[in-house]
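I have placed the structure first, in the form of structure tokens, so that the comments after it can refer back to it.
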Amino acid sequence: MILLDRKNLKGLLPGSAGCGLPLSQPLLSLIAYLLLAIEGGIVSILIPLLIAPRIRGLFKEDRFECGQTPPPYGRRRLAMQYYPFLLVFLVFDAASFILFMWVYVSRVYPIYSFLIFSTLLFLLLPPVLLVRKLAEDIRQWW
Amino acid sequence: MDAQTKDVRDSVSFWLIISLVVILIIGWVVEGDVLIDFLVDLVSGPQVLTNPLFLSIVFPGLLYVSIVAAVAIYVERKIAAKIQIRIGPQYAGRVEGILQVVADGIKMAAKEFVIPRTVDVTFFVAAPILSLTVGMLSITVVPFSPTTVIFPFPVNLLLFFAIVSFFPLTALLAGWASNNKFSLIGAARALFQQASYEIPMLISALAPALLAGSLRIEDIVMAQKDMPFLFPAILSAIIFLAAALAETEKHPFEIPEADSEIVAGWMTEYSSMPYTLFMLAVYVKMISLSTLFTDLFLSGWLGPISLPPEAWTVVKSWIVLLIFLTVRALFPRIRIDQMLKMGWGSMLLLSVAGLFLAIALGMVVGL
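Order-wise, the sequence lines are chains A and B.
Counting from 1 along the first sequence, just add 36 to a position and that's the residue number in the working numbering.
Counting from 1 along the second sequence, just add 99 to a position and that's the residue number in the working numbering.
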């Protein structure tokens, strides 16, 4: 069909005169997808703001406190008994991403890479034992 | 005009302006020739499957994830009902409540979005959009076949984990902006939960990558030509499945939302469509995790019978998704200290053991 010939159709739509970005195909899919996802989120939030009835009430816009009178500040101080977990996680997360480099050296130096990376794993055991000990303190859970 | 109405009005106008800018960017980036290519491909046969706009809009993009998420919500409710000897959705659509999800969607859109006067309005509104975007973004790097992937990337396995680890931060944003103690506790729990499951998840995903010698998911699938990595890396697969359940905050790891303890966790103050967006993001993440599991351990698009490669990936990922949904109905919720103990104890040790087991078995079978 002559209508489906790309050459005949080029330049018909606005924006086809070369003002678009010279993007590779994958990047184009990613950007189109990302923008559609953001746009979908924004439109979904605007729908109830535009069509749903907005009825005022004395307590309606109060914070949810299960029927209690809400205090002025909602953000409370959190007990930080699990704080060491976050610290160990910070170290461990970086170390676990370093472990992924094993993939690239495993075929070239199989024995050395195995020794080095398994040593790295075992070096990380003492902090794990520490946080495990902390987790056994069941009296402080929230 | 009171301060609350002014805040809401400012926020709506802010997002309207952002929305217009986004539409302008789409118009600028997606030039006319791209649209013509898309339309021509659409009527000319199977080559449309590799068209960038088709990939991002239809499959495996927005349309696919939205439809599968809706079906997953319905199937989850039905499975949970059958297991717990209830009926589940029954009336909407007459046949087994098949239109319940559509009815729920319309109901949620027509509900008032209550914005409490004490919240930080801009971040309160931004959190669900960010959550949905991060959830949707997670499926862009997961291949359904060598050509059916929205964003092919040389180290897409690492990119996937980088995207997914943003999710608890959106929970923290929502919890902090809500200015509510239940939300804040839920957000802190989401962070602690991530701190416990992410390491075992990364280490168990390392096993198939090591067996294939690549961090590119396409290479990992092609290395499973003779045998799916489920067999040499069985322990890693089980740990990965458990960590993926924790990632999606479903039972037994529904700790940040814990309805009977902290109302709805970090989503306590949300209503209407923003709440739906959070839910949708969780299901989209579930779809991308089940597809990643299929690619890493179940040989992805390779199958014994000659079918389109995408069909194999879709069928296998649906089976994994069904396992997620069934497990959710079977187990009670554990506590946050039990989660931390499990994540830093048995899960971590088993994931390391699974890694060494996979290496040993891989050497035995000559992978």
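Even for Gly, the Cβ is constructed at its ideal location relative to N, Cα and C.
Given the structure is predicted, the values throughout are model-derived calculations rather than measurements.
Check the Cβ of residue i against every Cβ in chain A and list those closer than 7 Å, keeping chain order.
{"i": "B/G444", "result": "R168"}
{"i": "B/F266", "result": "Residues of chain A passing the Cβ test: none, with the nearest at roughly 14 Å."}
{"i": "B/T367", "result": "F100"}
{"i": "B/L301", "result": "S132"}
{"i": "B/M372", "result": "S80, I81, I83, P84"}
Measuring alpha carbon to alpha carbon, tell me which of the options ends up nearest residue i.
{"i": "B/I361", "options": "B/K280, B/T412, B/Q323, B/I433", "result": "B/K280"}
{"i": "A/L63", "options": "B/P251, B/A208, B/V463, B/I422", "result": "B/P251"}
{"i": "B/T375", "options": "B/L334, B/I172, B/L119, B/L115", "result": "B/I172"}
{"i": "B/L456", "options": "A/Y69, A/F150, A/I134", "result": "A/F150"}
{"i": "B/K210", "options": "B/S370, B/G399, B/V381", "result": "B/S370"}
{"i": "B/L268", "options": "B/Q293, B/A363, B/V254", "result": "B/Q293"}
{"i": "B/L271", "options": "B/N255, B/A225, B/A169", "result": "B/A225"}
{"i": "A/I91", "options": "B/M326, B/A180, B/I298, B/F212", "result": "B/F212"}
{"i": "B/A273", "options": "B/W365, B/V381, B/V320", "result": "B/W365"}
{"i": "B/T217", "options": "B/A276, B/S303, B/S359, B/I117", "result": "B/A276"}
{"i": "A/F158", "options": "A/M137, A/Y145, A/S132", "result": "A/S132"}
{"i": "B/D436", "options": "B/L290, B/Q183, B/P145, B/S264", "result": "B/L290"}
{"i": "A/I87", "options": "B/S282, B/M372, B/V201", "result": "B/M372"}
{"i": "A/R230", "options": "B/L283, B/I262, B/G453", "result": "The structure shown has nothing for residue 230 of chain A, since chain A only spans 37 to 178."}
{"i": "A/I81", "options": "B/V220, B/S405, B/I418", "result": "B/V220"}
{"i": "B/K349", "options": "B/Y382, B/S237, B/S359, B/P151", "result": "B/Y382"}
{"i": "B/A191", "options": "B/I182, B/I184, B/Q183, B/V201", "result": "B/V201"}
{"i": "A/L85", "options": "B/L115, B/A180, B/L152", "result": "B/L115"}
{"i": "A/V124", "options": "A/P163, A/T105, A/P106", "result": "A/P163"}
Could you compute how far the alpha carbon of residue i sits from the alpha carbon of residue j?
{"i": "A/G51", "j": "A/I67", "result": "Here the model assigns A/G51 a pLDDT of 47, short of 50, so the residue's position is not dependable and the matter cannot be decided."}
{"i": "B/T149", "j": "A/V141", "result": "33 Å"}
{"i": "B/G312", "j": "B/G160", "result": "29 Å"}
{"i": "B/E346", "j": "B/L391", "result": "13 Å"}
{"i": "B/L119", "j": "B/V167", "result": "29 Å"}
{"i": "A/G54", "j": "B/D136", "result": "Confidence at A/G54 is low in this model, with a pLDDT of 44, below 50, so its placement is unreliable and no value can be given for it."}
{"i": "B/I198", "j": "B/I186", "result": "According to the sequence as given, residue 198 of chain B is Leu; it is not Ile. Distance between the alpha carbons of B/L198 and B/I186: 15 Å."}
{"i": "B/L138", "j": "A/E97", "result": "48 Å"}
{"i": "B/L309", "j": "B/T247", "result": "24 Å"}
{"i": "A/L57", "j": "A/Y69", "result": "Reliability fails at A/L57, whose pLDDT of 47 lies under 50, so the model's placement of it is uncertain and the value that follows must be treated cautiously. Those two C-alpha atoms are separated by around 16 Å."}
{"i": "B/I249", "j": "B/K384", "result": "15 Å"}
{"i": "B/L301", "j": "B/L388", "result": "13 Å"}
{"i": "B/Q189", "j": "B/E195", "result": "5 Å"}
{"i": "A/I78", "j": "B/I228", "result": "6 Å"}
{"i": "B/A343", "j": "B/V254", "result": "20 Å"}
{"i": "A/E101", "j": "B/F223", "result": "18 Å"}
{"i": "A/Y118", "j": "B/A287", "result": "10 Å"}
{"i": "B/G204", "j": "A/R143", "result": "51 Å"}
{"i": "B/G461", "j": "B/M326", "result": "10 Å"}
{"i": "B/P378", "j": "B/E297", "result": "A small correction: the amino acid at residue 378 of chain B is Met; Pro does not occupy that position in the sequence shown. Whole-angstrom Cα-Cα distance: 21 Å."}
{"i": "B/I458", "j": "B/P408", "result": "28 Å"}
{"i": "B/A410", "j": "B/L421", "result": "16 Å"}
{"i": "B/T334", "j": "B/T393", "result": "Looking at the sequence itself, residue 334 of chain B is Leu, so the reference to Thr does not match. Rounded to whole angstroms, B/L334 to B/T393 spans 15 Å at the Cα level."}
{"i": "B/I156", "j": "B/L162", "result": "6 Å"}
{"i": "A/P89", "j": "B/P215", "result": "16 Å"}
{"i": "B/S450", "j": "B/L141", "result": "45 Å"}
{"i": "A/F153", "j": "B/V164", "result": "38 Å"}
{"i": "B/P431", "j": "B/V170", "result": "24 Å"}
{"i": "A/G76", "j": "B/T232", "result": "9 Å"}
{"i": "B/E368", "j": "B/E353", "result": "18 Å"}
{"i": "A/P106", "j": "A/R99", "result": "6 Å"}
{"i": "B/A452", "j": "B/M207", "result": "46 Å"}
Since residue i meets chain A, which of its residues come closer than 9 Å, beta carbon to beta carbon?
{"i": "B/P227", "result": "G77, S80, I81"}
{"i": "B/L314", "result": "F136, V139, Y140"}
{"i": "B/I117", "result": "I74, I78"}
{"i": "B/L305", "result": "S132, L135, F136, W138, V139"}
{"i": "B/N278", "result": "R99, Y109, G110, R111"}
Going along chain B in order, which residues have a C-beta closer than 7 Å to the C-beta of residue i?
{"i": "A/L66", "result": "T239, I249, F250"}
{"i": "A/V164", "result": "W443, L447"}
Quick one: list the residues of chain B neighbouring residue i, beta-carbon separation under 9 Å, in chain order.
{"i": "A/Y118", "result": "A287, F291, A294, I435, D436, L439"}
{"i": "A/L159", "result": "Within chain B, no residue comes near A/L159; the closest Cβ sits about 12 Å away, beyond 9 Å."}
{"i": "A/L114", "result": "L283, I284, A287"}
For residue i, go through chain A and note every residue whose CB falls closer than 8 Å to its CB, in chain order.
{"i": "B/L309", "result": "W138, V139, S142"}
{"i": "B/I298", "result": "F125, F128, D129, S132"}
{"i": "B/T232", "result": "L70, A73, I74, G77"}
Name the chain B residues that come within less than 8 Å of residue i, Cβ to Cβ?
{"i": "A/G103", "result": "Going along chain B, no residue has its Cβ under 8 Å from A/G103, so there is no contact; the nearest lies around 11 Å."}
{"i": "A/L122", "result": "L290, F291, A294"}
#### Entry: Near-chain B residues of the stretch 73-94 of chain A (beta-carbon distance less than 9 Å), N- to C-terminal order
If the cut-off is 9 Å between Cβ atoms, the stretch 73-94 of chain A has A73, I74, E75, G76, G77, I78, V79, S80, I81, L82, I83, P84, L85, L86, I87, A88, P89, R90, I91 near chain B.
*Output, in sequence order along the chain, the residues in the stretch 384-417 of chain B whose CB is closer than 7 Å to any CB in chain A.*
Residues of the stretch 384-417 of chain B with a C-beta less than 7 Å from any C-beta of chain A: none at all.
Give, in chain order, every residue of the stretch 206-224 of chain B whose Cβ lies closer than 9 Å to some Cβ of chain A. So the list reads M207, A208, A209, K210, E211, F212, V213, I214, P215, R216, T217, V218, V224, given in the order they occur along the chain.
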